[in-house]
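J.:
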Amino acid sequence: MLTNEQIQEFDEKGYIKGGIVLSDAEVEKLREELEMVMEGKSVKKPVHNRNLLDNSHYGMKITKKETVIQIVNIWMASEVYLEHAANRTICEEVAQLCRTDTLRIWHDQIQYKPPVTGGPTYWHQDHPLWPVIQPADLVSAWVALDDAVIENGCMWMVPGSHKWGNHQKYLSSSEDFKPVHRSPELLPAGVSTEAVPFEIKKGQVGYHHCLTWHGSPNNRSERKRRAIAVHYMPGQTIYAPTGNHVMEAHIHVKAGEPMSGDSFPVVYRKQEENRSAI
Ligand SMILES: O=C(O)CCC(=O)C(=O)O
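In terms of the working numbering, the sequence shown opens at residue 11 and continues consecutively.
This is how it looks when you write it as structure tokens:
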């Protein structure tokens, strides 16, 4: 459970580090499953298993052979990842940050930056890339499967940026991987867009709000940088079909209805836990 001080810090900054939530053995198991799914050897398949940089995501043109393996919904291919998404500590803490009693998986994603050729994940906000769900109050739990440090491409965050609204269309990344806002006059007066590194140890969790500006630069080190992020929806999240998203094909509720269905499983319900404890 998070303390009130930690929750306050998250509300202020839009991200926070949690504790170590996985043992070395659990990390090893997740790494093995990742290898199997990445190589296409699992019976069930994830929604995506691709190099994120093979197409022009975020409108950037990629010329170098850089790689960020992105696997979306590895939980659909691996029971171990579904169990991970329901990790009790993580879910309790995300529920605290979202102020909710119920959590569903919106989707998960692996981002694997291989040694030396690991590419960047450009500066972005998550929720503007998820135009089919509202409101923008999701929280993601990002767990490192290797120590994520500056050298191997850890994430960077802009403190307080989750309070500034949707600026995705103005965001880009400078050559030295700083966040660039193309119309800074639209930002609240006096704010700083300076980014800070968000280093996370192997097995540790970091939480970020779905409007926080974040990105991660190249991995030019000799070390791998593997991580699993689960993007959690609070119970009140509704379907708002105003854009496109790969998960939309899995949504079977009507516009304006709360998100539900087998592709968005409930992984946490506070009241049920209380009942079973009585
Ligand atoms: O793993 C990364 O470097 C980026 C992940 C990310 O953008 C996210 O979890 O929202």
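Each residue gets a CB set at the ideal place from its N, CA and C atoms; glycine is no exception.
Taking Cβ to Cβ, would you say T222 is nearer than 9 Å to Q135?
T.: yes
J.: For V126, which of V78, W166, I210 and V104 has the nearest alpha-carbon?
T.: V78
J.: Quick check: does the Cβ of S182 come within less than 8 Å of any heavy atom belonging to ligand 1?
T.: Flag unset: Cβ of S182 not near ligand 1.
J.: As a quick exercise: from G225, A199, D157 and L196, pick the residue whose alpha carbon is nearest that of K188.
T.: G225
J.: Measuring alpha carbon to alpha carbon, tell me which of G245, K27 and H255 ends up nearest S270.
T.: G245
J.: May I ask you to verify whether the region 156–166 touches the region 232–246, counting CB pairs closer than 8 Å and requiring at least 3?
T.: yes
J.: Using beta-carbon positions only, say whether K148 and T13 come within less than 9 Å of one another.
T.: Checking the sequence shown, residue 148 turns out to be Leu, not Lys. No, they are not a contact pair.
J.: At a cut-off of 8 Å, would you count S33 as near ligand 1, judging by its Cβ distance to the nearest heavy atom?
T.: no
J.: Ends of the beta strand (DSSP E) at M48?
T.: Taken as a continuous stretch (DSSP letters only), M48 belongs to no beta strand (DSSP E), being part of the alpha helix (DSSP H) at D34 to M48.
J.: From E204, Y132, M86 and G175, pick the residue whose C-alpha is nearest to that of D273; which is it?
T.: A small correction: the amino acid at residue 273 is Ser; Asp does not occupy that position in the sequence shown. With distances taken between Cα atoms, S273 lies closest to M86.
J.: Please go through the same chain and pick out, in chain order, the residues whose beta-carbon is closer than 6 Å to the beta-carbon of P130, but skip the five residues on each side of it.
T.: P227 and N228
J.: Do M257 and V104 count as a contact pair if the criterion is CB distance below 9 Å?
T.: No.
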